[in-house]
Structure formats: structure tokens, C-alpha cells
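Only one structure is covered here, and it is reproduced in the block below.
There are 2 protein chains.
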Amino acid sequence: MSVTREKIIELGENLIRSKGYNAFSYQDISTELGIKNAAVHYYFPTKENLGTSIVKTNIQRFEEMVENMHSHGFNERQQLDTFVKIYLKSHREQKLCIIGSLASDFNTLNETTRTELKRMTEIILKWLTDILVTGKEKKLFVFDEEPQSKAFIILSGMVASLQVSRMMDKMDYKNVCQTIISLK
Amino acid sequence: MSVTREKIIELGENLIRSKGYNAFSYQDISTELGIKNAAVHYYFPTKENLGTSIVKTNIQRFEEMVENMHSHGFNERQQLDTFVKIYLKSHREQKLCIIGSLASDFNTLNETTRTELKRMTEIILKWLTDILVTGKEKKLFVFDEEPQSKAFIILSGMVASLQVSRMMDKMDYKNVCQTIISLK
DNA sequence: TTTGGAACTTACTTATTAGTAAGTATATTT
DNA sequence: AAATATACTTACTAATAAGTAAGTTCCAAA
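Just so you know, the protein sequences line up as chains A and B, in that order. With my numbering applied, the first sequence closes on residue 184, and no number is skipped along the way. With my numbering applied, the second sequence closes on residue 368, and no number is skipped along the way.
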């Protein structure tokens, strides 16, 4: 695959996560890459195309991470910790996650991008739920709630704590993440 | 105060909460109100003015709600339930809360709107923390975490559950809220 | 050596945006 | 009755947005 194409996706993702979908333009990308506006359209004819590709890339990256954890024999706790680490990194970079950024602009997204975003959310929630169920069976986690609700709350907590923490100066973000998962 | 002015603020708030700050225009407002674009600028010269006024109005509304609860002798549990009800209503209306919507666009907001949004977040978090502390003293709530962390997690949970639930079809949102506060 | 395609640029168009300057109608005050 | 203020409209400007059509450069295959 083309290097420029990959750079556009990467830059687009970072722009969405820092400025938001409706605040970034093809000009932002082309200027940064030292190419012309039309060159971005060459790879992604419309902004919808780019948006959808960015979400698809994120899904792929997540699935690769999960596969990677399996092949390394990570247990459920280690897998959950790895997931939380993604958010710790986002917090350090002062960026939102792709779900949180696009969720706010959901009503302005086109159908295909929406569908992919929904799919991504469902994939993560399913993975989280599975991990919670198996981890509980293995007595790695202790909790009383429905695994599905618990998964939903962990994801919501991660997504919004990035958003809210951006508005708070002093914040023990790591501690907040620990409390959110709070699986003894 | 002018009726038109109030209508603009109300409409602007709803537009931010459904489309996002960078996706709505003065045209959206003027068309809906049957007035001209310039009439909106008459009341709010710049979009920054409008954004700031919308946040300020929300702060005022929140403070009035708190005063109202105090004068009605609501205990801490009743107060927390009232707070959660705001989010249940938002969920029914398929809208985000003002904090969640603007948090995503935070980096594109001007300084004054940012400051007001920060102030609003701090006011809510302080109120939540106080309620948790007092409610725990009165043995209305039982929890082990730091009240500040708990307050942060409750707010984050409410904010993001609106965002994430918008992407999920079937959802027991009320149950999720109950689990988030999960104060026995 | 030509042909074809990939990766662009040039040079636009059209639409929409925030914002403004100057004017008008109507009601209120002096 | 004249002056003033309120609440707009008319008619713009300048900037930026997404998107496109046609051309160019360069490399690799036939």
C-alpha cells in the first residue's frame, strides 16, 4: 500500500482526535504532507471515504492487538491492562480516542462511516464482555454486575475520562482508570 | 431579556448537543427562527459569544437546580437521582450533554468558551464530591473510593454513556446509570 | 521505444461559512 | 413633534470548504 495513503490516514486520525471530524480539512492534511489538496482527493475522493478508512484502520489495529495478545498467551487481566494502556497513552498525548471524537459528531457522519463506527464499538464491547466473563470464571476478576453492563461502563469511562480530563488541570488519570476497571 | 435572544440560546444549545459545535451555523438558527442571519449576529456578534453564553446559561440552570433541591429539602440520594434524571432525559432525546459535546471540540473553542466550560465542569464535580462526602457521612451512600475520583467517574460515565449508547441499538440505559452510580 | 498506469499538480467551481456596514420599521422617551 | 433606541433586514465581503477535470511527470512493462 502507498506510503502517502498511510500518512493521510494517520494524519487524519490525529486531526479527528485532536480537533474533531468537522473541524479538520483536506488542506490541513495536504499542507502537513507538503502535497496539494487534490492529491488527498486522489486517494480519498470524499471526506466520507477518508473517515470510513480511518475507522476501518482502527478496527484492524484493534483486532491485530487482540491476536497479538492471544499469541503471547496474555491472560484476561493482562489483556485488560493492555487495553487501559491505550487510553493512558491517549491521555498523555492530550488526544481523545476515535470512538469518543466521532461519537460527538455522529449525526453529521454519513451512513458508511456510522456503520463502521458502530461496528468498532460493538467489536470492542464484545471483546471486553468476553474477557470479563472468562476472567471471572478463572477468578482473575471479582464483580457482581452483568458483564455486558460492566463492559459498557468500562468503555464509557475510558472514552469520557479522556474528554473530561482534558478540561481538568491536575488529574491522577491512572488512578481514575484503575477505579473504573476496579476489578479486585 | 429578549425572547429572540433566549430562543437563539436554546436552539444553539440543541444544535451543539445534536450536531456538534463545528457542524452548526448561524444559518441553521436563523432559518429555524424565521429571521435573517444578521439578526443572530445582532444578538451574538461572534460564534464565540454565542458559545460562551450557552455554557453560561447551562451553569446558571445547574445552580438554580441545586438551589431548588436545597429549598425542597432533598437529601443527597434524592439530589443524585435528580442529576441522573437529566441524563436519562438527554438519552431519550438522543442528545449529548453540553459538556460531552463541547469537550470533543475543546481545542477548536476560543479561550473564553473554554474557561466557562472548565468552570462548569469544576462546579458539577465539586457539587458531586460534596454530595458524596455528606451522603457517606449520613450513611446514605456506601463506597470506598476517594470521593473526588468517584465524582469524576460518575460524571465521565454519564457523559460518555450518552455518546456510546447513541451507537448501540438496544440498551438498558437506566440500568447502566444505576450501575455507574452503584452506591448501595 | 512506445504504451500505460500510478502519483501527483494546476486551476478551477460551487457552496457555505462567519462576519459587517448601512439602512428601515416600530415603539419609546424627551 | 423630534430624537433615540430596539430589533431587525438588505446586501454585501472575504475566507474556507469539498470536490473535479484535465494535464504532467515518471517509472515499468510490453
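We put the beta carbon where it would ideally sit given N, CA and C, even for glycine. Keep in mind the model is a prediction, meaning the values are calculated, not measured.
Secondary structure in the stretch 12-67 of chain A: the alpha helix (DSSP H) runs of 4 residues or longer, each lying completely within the stretch, are 26-33 and 37-43 in chain order.
In the DSSP assignment, A/M158 falls within the alpha helix (DSSP H) that extends over P147 to S165. Listed along chain B, the residues sitting closer than 9 Å to A/T121 by beta-carbon distance are V348, M351 and M352. CA-to-CA, the gap between B/K354 and B/G218 works out to about 37 Å. In this structure, the alpha-carbon of A/R61 lies about 16 Å from that of A/H72.
Judged by DSSP in its simplified three-state form, B/D314 adopts helix. Going by C-alpha positions, A/I154 is about 16 Å away from A/I98. The beta carbon of B/S202 falls within 8 Å of a beta carbon belonging to chain A, placing the residue at that interface. Taking a contact as a CB-CB distance under 8 Å, the pair A/N58 and A/M120 counts as one, their CB atoms being some 6 Å apart. B/E329 is positioned such that its CB atom lies no closer than 8 Å to that of A/T108.
From the listed residues A/I181, A/M1, A/K174 and A/S2, the smallest Cα separation to A/S90 is found for A/K174. The beta carbon of A/D105 falls within 8 Å of a beta carbon belonging to chain B, placing the residue at that interface. Neighbours of A/T115 in chain B, taken as residues whose beta carbon is under 7 Å from its own, are absent, since the nearest beta carbon is some 10 Å off. No Cβ of chain B is located within less than 8 Å of the beta carbon of A/T31. Taking 8 Å as the CB threshold, B/K302 lines the interface with chain A.
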